[in-house]
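In what follows, a structure is listed as structure tokens, so that the remarks can point back to it.
Residue numbers (my numbering): 1 to 137.
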């Protein structure tokens, strides 16, 4: 994997690398609970939809697609944020959404260190997002 370090110390990856490899590298680069959380969320996404397409956008954000954008996996200092592109249109009976609740389009789930993932509820939410996308395509 080819990476260079910028003046700020951040790493930049070549655009020629596959999105999956870039996501792998990001998980490894984090090297803490955030990398573990992002890796677990990625696994849940792939379990929910084996046909999901991974992309690498906006200088370092994993994005998952199926007939349109499903969600992103952003990492910050104290959270891993999973933002659903059309989250406001999804039913959330398990009340997973806990962030970006005021918008008309997106909804997000902020995961904190040590937090467990309700995998069944998250898979249901991912599948609902896919159903929404496929119903409009």
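Think of the CB as a built atom: it goes at the ideal place given N, C-alpha and C, for glycine as much as any other residue.
| query | If we count the other Cβ atoms within 10 Å of its Cβ and call it buried at 16 or more, is residue 59 buried or exposed? | reply | To locate residue 59, count along the chain shown from 1; it is residue 59. The residue in question, residue 59, is exposed, as its Cβ has fewer than 16 Cβ neighbours within 10 Å.
| said: Using a Cβ-Cβ cutoff of less than 6 Å, which residues in the same chain neighbour residue 53 once the five nearest sequence positions on both sides are dropped? | reply: On the chain shown, residue 53 is found 53 positions in, with the first residue counted as 1. For residue 53, where only same-chain residues beyond five positions count, the Cβ hits under 6 Å are 65.
| field | Rounded distance between the beta-carbons of residue 126 and residue 49, thought under 8 Å | value | Within the chain shown, residue 49 is the residue found at index 49, counting from 1. Within the chain shown, residue 126 is the residue found at index 126, counting from 1. Indeed, because the Cβ distance is near 6 Å, the residues count as touching under 8 Å.
| Contact check, residue 129 vs residue 90, beta carbons under 8 Å | Along the chain shown, one-based indexing puts residue 129 at 129. Along the chain shown, one-based indexing puts residue 90 at 90. It is a contact, given that the beta carbons lie within the stated cut-off.
| Just to confirm, are residue 81 and residue 121 a CB contact at a threshold of 8 Å? | In the chain shown, residue 81 corresponds to position 81, counting from 1. In the chain shown, residue 121 corresponds to position 121, counting from 1. No, these two residues do not count as a Cβ contact at 8 Å.
| query | Under 8 Å between the Cβ atoms of residue 103 and residue 85? | reply | Within the chain shown, residue 103 is the residue found at index 103, counting from 1. Within the chain shown, residue 85 is the residue found at index 85, counting from 1. Taking 8 Å as the Cβ cut-off, residue 103 and residue 85 do not qualify as a contacting pair.
| Helix, strand or coil for residue 17 per DSSP? | Residue 17 sits at position 17 when you count from the first residue of the chain shown. Residue 17: coil per DSSP, three-state reduction.
| field | Check whether residue 62 and residue 117 have beta carbons under 8 Å apart | value | Locating residue 62 in the chain shown gives position 62, counting from the first residue. Locating residue 117 in the chain shown gives position 117, counting from the first residue. No.
| field | Proximal residues to residue 124 (C-beta, below 7 Å), its chain only, five neighbours per side dropped | value | Locating residue 124 in the chain shown gives position 124, counting from the first residue. So no residue of the chain qualifies.
| said: Which residue wins for smallest C-alpha separation from residue 119, given the options 101, 93, 29 and 40? | reply: Numbered from 1 along the chain shown, position 119 holds the residue referred to as residue 119. When each option's Cα is compared against that of residue 119, the closest is 40.
| In this structure, what does DSSP give as the bridge partners for residue 109? | Here residue 109 is taken as the residue at index 109 of the chain shown, counted from 1. DSSP lists 82 as partners of residue 109.
| query | Distance, Cα to Cα, residue 6 vs residue 134? | reply | Taking the first residue of the chain shown as 1, we reach residue 6 at position 6. Taking the first residue of the chain shown as 1, we reach residue 134 at position 134. Since pLDDT at residue 6 reaches only 45, below the 50 mark, its modelled position is unreliable, and no value is offered.
| query | If you check the beta carbons only, do residue 75 and residue 106 fall under 8 Å apart? | reply | Counting from 1 along the chain shown, the entry for residue 75 is found at position 75. Counting from 1 along the chain shown, the entry for residue 106 is found at position 106. It is not a contact, given that the beta carbons lie outside the stated cut-off.
| Since residue 19 contacts residue 55 with CB under 8 Å, what's their CB separation in whole angstroms? | Numbered from its first residue, the chain shown carries residue 19 at position 19. Numbered from its first residue, the chain shown carries residue 55 at position 55. Rounded, the Cβ-Cβ distance is 5 Å, consistent with contact.
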